[in-house]
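Residue numbers (my numbering), protein chains in the order written: chain A, 1 to 266; chain B, 1 to 266; chain C, 1 to 266.
Dropping the structure here:
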């Protein structure tokens, strides 16, 4: 597939005009920033994790995003229930394996979840993707210790095993679907200094997959939009505080022209 | 009642000088932004949801704010316990029916809560107020699909049924107490692009009701202050990121003069 | 001990070069801002509270920070388990007794926790430190009603009783270790208008204690860095919204020169 700026622009336009409802079951740290990023890009976020309502919320949502950043027993149960419902409804399920590999519990929970309801997209950093694929790397917390390219083989294995798109994010983002690979080279070193921008990327994958039926293209679009907004924001920022603010403004204001000018995919 | 800028200014002064302790049991998405808004306006926020302490926290608070944005079984139980304690102490209880109508669970929980301890104020968007009043509208997530005026009949019914103030927020905010209606026309289209500004409005209703014994007037004051601070902030903002920041600054700096100049109530 | 700017600069350099993993079990209100502050200063934050993983997370962390701002039964259990594991591993444990004294439950939970695993550092405001030491003062929510110096005797008693460093923060911060006292006079009145900057101070104590083996010095360094970054941020801020943003930028950019120029310890 040969994606161009025109495709990304079209997908962004779809998000903005359709304003898809994205159901997030995510971690406490990023709930506010994720909701704000989804609103800024034009989507409609909802957070709900009660066992008694996750199925009803999935029933009106256009995508489900599951992020395991701050787990507990009841949340894991709700994630499983929501994922199963999303699988039955056949809406996209996007997973973020935050910290997989850091503790055996996370790794176990994540693997069980993706067996419950097969992923449409998995987005993580190199350590998380390697650990998700079963190569137990030494993960240092929830940050990526390894460069993204080191996880490429794991990503391909995971993509084949679960018939899904896998995105390894880092300085270069690799979007993998079986044998297909697209590299997104947009972004800025200040981005990992803001907590939860990886989680935001995952949420945007959900927003794009909700409106773009090809999940590979949707993931490339989401990662490109993330990276480009990150570049624009970083140019105006004195540090991670202003970066977080400017990133939301940049998502909100993002123009076709900026996408055309800055896009670096291959 | 014929409220003027002078009344709003007086109420704001009361909040700033008395710095009432407002006990919030609210959703994960907005806890930080709600606490910051309460601090910025001069109130003193506390968040507490443990079954073992909600009654003791209510006992030292001047108002209780209950927001059902991210529910679970134990939180619902704590909300009920806190609400009952607030009812016994006769301090104002302000409810935010986030997403009522989106799932049967939310609707059921909310109705049971307001039977447990009667509301002083209910603030929601049109969809939520309509659903709270039992007219099951098609609610799209937690955003308002309908214009505020469409919920006026529901608000009046709810106000009569529960003997409380009901505020339907939207481009125009309607504050209803039985047959009385005040319309607040302050605000800015950028406000709904920031997550949780509705929840912030509810928290400010709590702060104002804590110091102003007339809950109708307190609600009008809170909504006017929200709207005016939103206008000031939007004029300085490039998007929803800077809007969130500038809104807190505007609340903090809000002058009598700005209120006098900008207030649009009728 | 006669600490100078050189010591603070050295400790900050250690945080930045070692980037210690700091495991936080903290409250919902501040999770995002705490994680961002730790990233901004150069540390590596992780939040995890599942009973099934806290021990494994402690096993890879360099410090544990426990903040009781929003408690519930399962969180208290996880805090106890994590604290015990940190005690066995002999990594620093930093406690934040948010709201101790406001409800009997918080006071009881906090006292039990510090018996489970002895603190390396306790940081709170005057009311919290007084209540932690058993003098039941009238605490108004989670804000400090009393001036820091009024808690000095309680801090000394607590330090002796638990053989730990105690920091009472306020306009002047008092860092106490048995008979030793250092006063940090940096900071700005806008800081308490931003929610959770006290919690951020506690998290920074964790980051510094993770790399600086003397916990007294680590605490002084953390409080000095907090105060200086707060001063720099306040000078650029129009209110608490921009303050929160500028504070993260100031932490990120903090130079040796600024520390040398501004430090006020005695």
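All residues carry an ideal CB built from backbone N, CA and C; glycine is no exception.
- [ ] Out of 70/A, 77/A, 124/A and 38/A, point me to the one whose CA is closest to residue 54/A's CA.
- [x] 77/A
Open item on the list: Using C-beta distances below 8 Å, list every residue in its chain close to residue 179/B, excluding the 5 sequence neighbours before and after it, in chain order.
Closed with: 156
Open item on the list: Under 8 Å, with one C-beta from each stretch per pair, do the segment 188-196 of chain B and the segment 232-239 of chain B reach the 3-pair mark?
Closed with: yes
- [ ] Count the CB pairs spanning the segment 213-227 of chain B and the segment 128-135 of chain B that are closer than 8 Å, and state whether there are at least three.
- [x] no
Open item on the list: To the nearest angstrom, how far is the alpha carbon of residue 31/B from that of residue 88/A?
Closed with: 33 Å
Open item on the list: Would residue 107/C and residue 100/C be called neighbours here (beta carbons separated by less than 8 Å)?
Closed with: yes
Open item on the list: Mapping the DSSP letters down to three states, classify residue 180/A as helix, strand or coil.
Closed with: strand
- [ ] Check whether the Cβ of residue 193/C lies closer than 8 Å to any Cβ atom in chain B.
- [x] yes
Open item on the list: So, does the segment 13-24 of chain C touch the segment 37-51 of chain C, judging by three or more C-beta pairs under 8 Å?
Closed with: yes
Open item on the list: Against chain A, which members of the segment 242-253 of chain C pass a CB distance test of less than 8 Å?
Closed with: 244, 245, 246, 247, 248, 249, 250, 251, 252 and 253
- [ ] Show which residues of chain B have a CB atom less than 9 Å away from the CB atom of residue 71/C.
- [x] 48, 49, 50, 52 and 53
- [ ] Using only alpha-carbon positions, find the residue among 124/A, 117/A, 94/A and 2/A that is nearest to residue 198/A.
- [x] 124/A
TODO: Name the residue from 207/B, 195/B and 154/B whose alpha carbon lies nearest to the alpha carbon of residue 175/B.
DONE: 154/B
Open item on the list: Is residue 207/B close to chain C? Criterion is C-beta to C-beta, closer than 8 Å.
Closed with: no
Open item on the list: Quick check: what's the CA-CA separation for residue 116/A versus residue 80/A?
Closed with: 7 Å
- [ ] Answer with buried or exposed for residue 7/C, where buried requires no fewer than 16 other C-beta atoms within 10 angstroms of its C-beta.
- [x] buried
- [ ] Answer with yes or no whether the minimum CB distance from residue 36/C to chain A is below 8 Å.
- [x] yes
- [ ] Compare the C-beta of residue 240/A with all C-beta atoms of chain C and state if any pair is closer than 8 Å.
- [x] yes
- [ ] Just confirm the distance between the C-beta atoms of residue 194/B and residue 224/B, as a whole number of angstroms; I'd bet it's less than 8 Å.
- [x] Not really, about 18 Å apart at Cβ, beyond 8 Å.
TODO: Could you confirm whether any beta carbon from chain A is found closer than 8 Å to the beta carbon of residue 29/B?
DONE: yes
Task: 8 Å Cβ cutoff, residue 185/A in contact with chain C - done: no
Task: Candidates 164/A, 71/A, 4/A and 102/A, of which the one nearest residue 92/A by Cα - done: 164/A
Task: Interface flag, residue 125/B vs chain A, CB-CB below 8 Å - done: no
TODO: Run the CB neighbour count on residue 266/A, radius 10 Å, all protein chains shown included, and call it buried at 16 or more, exposed below.
DONE: exposed
Task: Listed by chain order, chain C residues near residue 79/B by CB distance under 7 Å - done: Here the premise fails: no neighbours, minimum Cβ distance about 13 Å.
TODO: Return no unless some Cβ of chain C is closer than 8 Å to the Cβ of residue 56/B.
DONE: yes
- [ ] Can you grab the Cα-Cα spacing for the pair residue 113/B / residue 72/C, in whole Å?
- [x] 20 Å
TODO: Using the Cα positions of residue 40/B and residue 257/C, report the straight-line distance between them to the nearest angstrom.
DONE: 32 Å
Task: Chain-ordered neighbours of residue 32/C on chain B, where CB pairs are closer than 7 Å - done: 32
Open item on the list: Taking a contact to mean a Cβ-Cβ separation below 8 Å, would you say residue 239/B touches residue 248/A in this structure?
Closed with: yes
Task: Through-space distance from residue 96/C to residue 65/C, alpha-carbon basis - done: 8 Å
Task: Exposure of residue 161/A, with buried meaning 16 or more beta-carbon neighbours within 10 Å - done: exposed
Open item on the list: I need the DSSP call for residue 140/B, collapsed to helix, strand or coil.
Closed with: Residue placement at residue 140/B is poorly supported in this model, since its pLDDT is 45, which falls under 50; the coordinates are not used for a value here.
Open item on the list: Check for me: the alpha helix (DSSP H) holding residue 162/C runs from which residue to which?
Closed with: 152-162
- [ ] Please specify which runs of the beta strand (DSSP E), each continuous and at least 3 residues long, are wholly inside the segment 177-238 of chain B, giving them in chain order.
- [x] 180-184
Task: Contact set for residue 260/C: own chain, Cβ-Cβ below 7 Å, skip 5 residues either direction - done: 5
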